[in-house]
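Undergrad: From first to last, the protein sequence lines are chains P and E.
Take the first sequence: its letter number 208 is residue 218 in my numbering, and every next letter is one higher.
Take the second sequence: its letter number 131 is residue 141 in my numbering, and every next letter is one higher.
We put the CB at the ideal spot given by N, CA and C, even for glycine.
Given the structure is predicted, the values throughout are model-derived calculations rather than measurements.
Here it is, the structure, as structure tokens.
Number of protein chains: 2
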Amino acid sequence: MTQKQNPRAVVLCSGGVDSTTVMAMAKKQGFEIYSLSFRYGQRHEIEIAAAERASRFFSVSRHLVLNLDLDKIGGSALTDVIDVPKGRSPKDMEGEIPVTYVPARNTIFLSYALAWAEVLGAADIFIGVNALDYSGYPDCRPDYIAAFESMANLATKAGVEGTKKIKIHAPLLHMTKAEIIKAGFALGVDYSLTHSCYDPLPDGTLCGECDSCILRKKGFDEAGISDGAHKA
Amino acid sequence: MTQKQNPRAVVLCSGGVDSTTVMAMAKKQGFEIYSLSFRYGQRHEIEIAAAERASRFFSVSRHLVLNLDLDKIGGSALTDVIDVPKGRSPKDMEGEIPVTYVPARNTIFLSYALAWAEVLGAADIFIGVNALDYSGYPDCRPDYIAAFESMANLATKAGVEGTKKIKIHAPLLHMTKAEIIKAGFALGVDYSLTHSCYDPLPDGTLCGECDSCILRKKGFDEAGISDGAHKA
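So, in structure tokens, the structure goes:
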């Protein structure tokens, strides 16, 4: 008797609210999870620790952390020594591409996810991008995700051989931060494990003033859920 | 009086015959060249040296070498400890995807090129992929390149703002190795600078028996051009 195996999925995982919620959704859908995180620039060691906590929480089969040389390319407040904006209202953030935008970041992340999926024999990739909530990133839009999926199916052995159709799952695309938090809460996500600050203090305390902190607070407030201790 | 600047282009550069020819073509078209190479796995230090020689030869504005963690993902004879096939005839190579295929490699390479192009304000990316000559790689086909270009235009600030249309130039797509060599020779390429072996000896001598060496030899033979000393 052969035991039926769950299909494998690669889940991009930054240790933040969004990607942790996505991991819960992938788990709920019955996938065997392979989580993928990236170490790039100087600012994000705390993200990796949160991604590791989330990966343990959901008993992933493997958590792979890749080192990226994005700081050599530059062009972003997250990899360069540009100041992260502080104290902006959600209204201020609307309609513009923020300096925290990392050029082609999601394309690079998804490309690695695609490579790993191919090696694992997985056809499913999950990413926590979100087109609402004032994100303003070009690579967080539905058209972009659809175009990446089309490209991915031409880029891979499985695509050529027609044996496996790659699917890019972006279940948060049209959800508000409050809706995401409510959905994750219903799936049992412990948000105290997560971290989502662009400019944390050296001890891991959230700055409370960057766009990410402000959107996080707004999301929990609107969801009517307590944020818990999301300190590293 | 303002001096008219040449437009910038990012040229993917492995130090081999194809990418060195592409660099000559980009130069000929009047672009200011930014060459991009990748260090991945263990086998390719000699490639980087050849890429550096080609970049100097064409007086690029900058040669950027990024370190990739592809060996952690595995799945290829170029990054894993899988044997590189030896002594196959071009006929043997036909129609199958070789074990030297690196999963999603061109997608990862082009994604970094896209990120760098965005930072440089460049709209043009050159890559030496080739659909003929028994390559068998899924990510070397015209449909794939077109799909990447569509995706790239949705992934970037310039795409969102409609200010710059990203173009992926793949001028070798439909050329045979002999045609490539003749074209490069006409543009003054010194092929003795280049290197294209999957499994060189420690002193840089070509193995002469891998697919890449065999296709190189066939190309020079058919072009009626002497290969020169393409030792590192």
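May I have the straight-line CA-CA distance separating D200/E from S65/E, to the nearest angstrom?
TA: Their backbone Cα atoms lie some 12 Å apart in a straight line.
Undergrad: Under 7 Å, CB to CB, which of the residues in the region 167-191 of chain E have a partner in chain P?
TA: Hits within the stretch, in order: K167, G169, V170.
Undergrad: At the 9 Å Cβ level, is A132/P part of the contact set with chain E, yes or no?
TA: Not an interface residue.
Undergrad: Do you know how far the Cα of S69/E is from the Cα of D134/E?
TA: About 18 Å.
Undergrad: If we count the other Cβ atoms within 10 Å of its Cβ and call it buried at 16 or more, is H184/P buried or exposed?
TA: When all chains shown are included, H184/P counts as exposed.
Undergrad: Can you confirm whether A19/P, when its beta carbon is compared against all beta carbons of chain E, has any partner nearer than 9 Å?
TA: Chain E, which has no Cβ nearer than 9 Å to the Cβ of A19/P, makes this no.
Undergrad: Quick check: is the beta carbon of Y144/P nearer than 9 Å to any beta carbon in chain E?
TA: Only weak support exists for where Y144/P lies, its pLDDT of 49 falling under 50; the coordinates are left without a value.
Undergrad: Measuring straight from C-alpha to C-alpha, what distance separates I56/E and S45/P?
TA: Approximately 33 Å, taken between the alpha carbons.
Undergrad: Taking only the alpha-carbon atoms, compute the straight-line gap between G214/P and L197/P and give it to the nearest angstrom.
TA: Approximately 26 Å between the Cα atoms of the pair.
Undergrad: Closest Cβ-Cβ distance between D153/P and chain E: below 9 Å?
TA: Yes, contact with chain E.
Undergrad: Does C220/P come out as helix, strand or coil in the three-state DSSP assignment?
TA: Here C220/P sits in strand by DSSP.
Undergrad: Who are the neighbours of N77/E on chain P, taking C-beta pairs under 8 Å?
TA: Ordered by position in chain P, the residues that pass the 8 Å Cβ test against N77/E are N77, D79.
Undergrad: Looking only at C-alpha atoms, which of R226/E, I178/E, A34/E, D81/E sits nearest to A157/E?
TA: Ranking the options by Cα distance to A157/E, first place goes to I178/E.
Undergrad: Check for me: the alpha helix (DSSP H) holding S160/E runs from which residue to which?
TA: Taken as a continuous stretch (DSSP letters only), the alpha helix (DSSP H) holding S160/E covers 152-165.
Undergrad: In whole angstroms, give me the CA-to-CA distance for V112/P and D209/E.
TA: Those two C-alpha atoms are separated by around 36 Å.
Undergrad: Distance, Cα to Cα, A180/E vs S24/E?
TA: Going from the Cα of A180/E to the Cα of S24/E covers about 15 Å.
Undergrad: Using 8 Å for Cβ pairs, my map puts L164/P next to R151/E. What's the rounded Cβ distance?
TA: Confirmed, about 7 Å.
Undergrad: Count the other CB atoms, across all protein chains shown, that sit within 10 Å of the CB of T166/E; report buried if there are 16 or more and exposed otherwise.
TA: The residue is buried, with at least 16 neighbouring Cβ atoms inside 10 Å.
Undergrad: Please list the terminal residues of the continuous alpha helix (DSSP H) segment that includes F119/P.
TA: Taken as a continuous stretch (DSSP letters only), the alpha helix (DSSP H) holding F119/P covers 115-130.
Undergrad: Going by the CB atoms, is the gap between R63/P and I43/P shorter than 9 Å?
TA: For I43/P and R63/P, no; Cβs fall outside 9 Å.
Undergrad: Do you know whose CA, among S47/E, I224/E, M35/E, D79/E, lies nearest A207/E's CA?
TA: It should be noted that the sequence gives Cys, not Ala, for residue 207/E. Of the candidates S47/E, I224/E, M35/E, D79/E, the one whose C-alpha sits nearest the C-alpha of C207/E is I224/E.
Undergrad: Quick check on K82/P - is its C-beta less than 9 Å from some C-beta in chain E?
TA: Judged by the 9 Å Cβ criterion, K82/P is in contact with chain E.
Undergrad: How big is the Cα-Cα spacing for A34/P and F195/P?
TA: Straight-line Cα distance between these residues: approximately 10 Å.
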